[in-house]
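Report on one structure; see the data block that follows.
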Amino acid sequence: MFSFGQLLLGLGTSILLSLALPWILVFLYTVWARQQGVNGREKLLAELGQPPDRRVVGYFHPYCNAGGGGERVLWTAIVRSQRNEPNVVSVVYSGDIDASKEEIIAKVKLRFDIVLDPSSLHFVFLEKRWLVEDATWPAFTLLGQSIGSMILTWEAITNVVPHLFIDTMGYAFSFPVVSLIASVPTGAYVHYPTISTQMLKRVTNRQSGVTNRNFISQSIVLTYGKLLYYRIFMFYYSRALRMASFKMANSSWTKNHVDAILVHRDPLLEFANTFSLARFLFAGPPASAHKQSAQIVYPSCDTRAMSSFPLTPREPVVLSVAQFRPEKNHAAQLQALAALLKQHPSTPAKFVLLGGARNDDDLQRVDTLRLLARNLGVEDHVEFVVNASYAEVLEWLAKSSVGLSTMVDEHFGINVVELMAAGVIPVSHASGGPLHDIIVSFEGKPTGYHARTPEEFADAIHIALTLPEDEAQEMRQRARTWAVQAFSEDEFERTWNTSGWRDVLEEGYTQSQ
1 MFSFGQLLLG
11 LGTSILLSLA
21 LPWILVFLYT
31 VWARQQGVNG
41 REKLLAELGQ
51 PPDRRVVGYF
61 HPYCNAGGGG
71 ERVLWTAIVR
81 SQRNEPNVVS
91 VVYSGDIDAS
101 KEEIIAKVKL
111 RFDIVLDPSS
121 LHFVFLEKRW
131 LVEDATWPAF
141 TLLGQSIGSM
151 ILTWEAITNV
161 VPHLFIDTMG
171 YAFSFPVVSL
181 IASVPTGAYV
191 HYPTISTQML
201 KRVTNRQSGV
211 TNRNFISQSI
221 VLTYGKLLYY
231 RIFMFYYSRA
241 LRMASFKMAN
251 SSWTKNHVDA
261 ILVHRDPLLE
271 FANTFSLARF
281 LFAGPPASAH
291 KQSAQIVYPS
301 CDTRAMSSFP
311 LTPREPVVLS
321 VAQFRPEKNH
331 AAQLQALAAL
341 LKQHPSTPAK
351 FVLLGGARND
361 DDLQRVDTLR
371 LLARNLGVED
381 HVEFVVNASY
391 AEVLEWLAKS
401 SVGLSTMVDE
411 HFGINVVELM
421 AAGVIPVSHA
431 SGGPLHDIIV
441 SFEGKPTGYH
451 ARTPEEFADA
461 IHIALTLPED
471 EAQEMRQRAR
481 TWAVQAFSED
491 EFERTWNTSG
501 WRDVLEEGYT
511 QSQ
């Protein structure tokens, strides 16, 4: 017969085991997953013919083959590492499963004129990239993509554990997974924050405005629900971003947003989090362990090749260089052309919309823009150049007079820098990087123009196209000098190296021994 005490002891033991078993299983799984990734690292070094003491830096960039400005940052960082850090092997976690290593390297050469060394470069091709696609999450997109990025990171790390993990696309929720499984340091290069304190403030203001009794209760519930959703997301996004040992931002606009996110506090959620299992996943190092602010590292721009173009003669071409993505707002460019032809019908101008199309959605977007040009009556003045080679891009930059960028809150604007370096007078939306960092006064004089509405763009383009030749030449030269001075590849390398990534890499290597 069991005594009552023995019965209580047995019952207590059973409860404790049932509570502890999930944690034991998680622990055992993370140990197994880490070992899988470590084995993968040792295997890849052997396959590349590299000594086992090489430092491995992993770059999380699921769309590395897209050919955009973010990809230029990735490849420039890697090629500079290959030139200056012979003991470092670069691993790119890519979702481009339809392209081989050789094809990606060839495209980088064609698109950016960057020559990569395959002997110190490895790709981990990820099968689950669909988890971070917009189409996968028609509702709760921010949350869905963030959870998807965590699963994608798990796939990456269980293949190869690096000594240092750097997210170069903006997936901050990758850091908790790396910390849990791999226990290696992380770094962030932020092009655009997933959420910002401004977004949260706008939702809060809308919630504060829901005071009219005529609103039906469902609308009130939805408004408060959205606010709660954004607050929770911001809370954990901030905690995830703080886990990075170093943070780099591509412009002052991005830095200001990132710094605000890093110091964001929500006392109510801080309290609720103490009773949440998520606190273990998002624990990370103490807040004081790393600098909680971002360093500006302007993206590397191809200023060297473009700065050799003659400033004259130039054709009356208004050139747009941007991927055919929704946020680039190509429709506004066509509307600006229509306004230009209406306000200044004698202005000689040809609009060239040059950019990359990543997939069928982008190609459909181009078709929609062609239809818009026809409806606006400007199709005879527009040429679309889709997926141009690097040589074609240079050809258009060398002969165009004016450059156009209409994206609102462009986080940086590599295309604008390239326009300026090539001697093209830029006209951009008055926001983001182009306003605060790029098209700024140099030597006390302007380097380009800003606008907001189609009519303002039309006026600015007209002024740029009709400047007296000597004034136009002076502005082209000022813009070029500033672009080469501030945004060259050498300047990118200098600021990238001051981020402290080398020290963090050595820390990660030491921990792995």
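Numbering of the sequence shown is given in full-length UniProt numbering, commencing with residue 1 and proceeding in unit increments. A virtual CB, placed ideally from N, CA and C, is assigned to each residue, including glycine.
- For Ala336, the enclosing alpha helix (DSSP H) begins and ends at 330–343.
- The bridge partners DSSP lists for Leu121 are Ser90.
- Here the C-alpha atom of Val402 lies approximately 7 Å from the C-alpha atom of Leu465.
- Ser119 is classed as exposed because its beta carbon has fewer than 16 other beta carbons within 10 Å across all chains shown.
- When the beta-carbon positions are compared, Asp259 and Ala294 come within less than 8 Å of each other.
- Straight through space, the alpha carbons of Met234 and Gly144 are spaced by roughly 14 Å.
- Residue environment for Ser179: buried (at least 16 other C-beta atoms within 10 angstroms of its C-beta).
- Taking one beta carbon from each stretch, the stretch 309–324 and the stretch 394–411 have 3 or more pairs nearer than 8 Å; the two touch.
- Ala479 and His429 have their alpha carbons spaced roughly 17 Å apart.
- Per DSSP, the continuous beta strand (DSSP E) segment holding Pro426 begins and ends at 425–429.
- Nearest to Arg370 by alpha-carbon distance, out of Lys342, Ala339, Gln333, is Gln333.
- Counted as a single uninterrupted DSSP element, the alpha helix (DSSP H) harbouring Thr153 occupies residues 141–159.
- Ranking Val124, Leu228, Val161, Ala188 by CA distance to the CA of Arg202 puts Leu228 first.
- Secondary structure at Gly170: coil, using DSSP grouped into helix, strand and coil.
- Look at the beta carbons and you see the stretch 60–78 touching the stretch 167–182: at least three pairs across the two are nearer than 8 Å.
- As a beta-bridge residue in DSSP terms, Leu354 pairs with Val321, Val385.
- Val382 and Ile151 have their alpha carbons spaced roughly 43 Å apart.
- Nearest to Leu319 by alpha-carbon distance, out of Leu337, Pro52, Ala278, Ser308, is Leu337.
- Proximity to Ile105 across Trp75, Glu133, Arg83, Val132 peaks at Trp75, based on C-alpha coordinates.
- Val56 places its beta carbon less than 8 Å from that of Arg41.
- Taken in chain order, the complete alpha helix (DSSP H) segments of 4 residues or longer contained in the stretch 60–111 are 69–84.
- A distance below 6 Å between beta-carbons, with the five flanking residues on each side excluded, links Thr406 to the following residues of its chain, in chain order: Asn329, Ala332, Gln333, His429.
- Excluding the 5 residues flanking it on each side, Gln485 has no same chain C-beta neighbour closer than 6 Å.
- In the DSSP assignment, the residues bridged to Lys445 are Phe442.
- DSSP, reduced to helix, strand and coil, places Tyr390 within a helical segment of the structure shown.
- When C-beta atoms of the stretch 424–442 are compared with those of the stretch 264–278, fewer than three pairs fall below 8 Å, so the two segments do not count as touching.
- When beta bridges are read from the DSSP output, Val56 appears opposite Val89.
- Annotated three-state conformation of Leu222 is helix, per DSSP.
- One Cα belongs to Met199, the other to Arg476, and the distance between them is close to 37 Å.
- Ile97 is classed as exposed because its beta carbon has fewer than 16 other beta carbons within 10 Å across all chains shown.
- In the DSSP assignment, Met243 falls outside any beta strand (DSSP E), carrying neither H nor E.
- The continuous alpha helix (DSSP H) containing Tyr509 extends over residues 501–512.
- One Cα belongs to Thr347, the other to Ala451, and the distance between them is close to 18 Å.
- For Glu85, the closest C-alpha among the options Glu506, Gly225, Gln511, Leu363 is that of Glu506.
- Excluding sequence positions up to five before and after His257, its CB lies within less than 6 Å of the CB of Pro193, Ser196, all in the same chain and listed in chain order.
- Separation of Glu127 and Gly95 (C-alpha to C-alpha, rounded to the nearest whole angstrom) is 6 Å.
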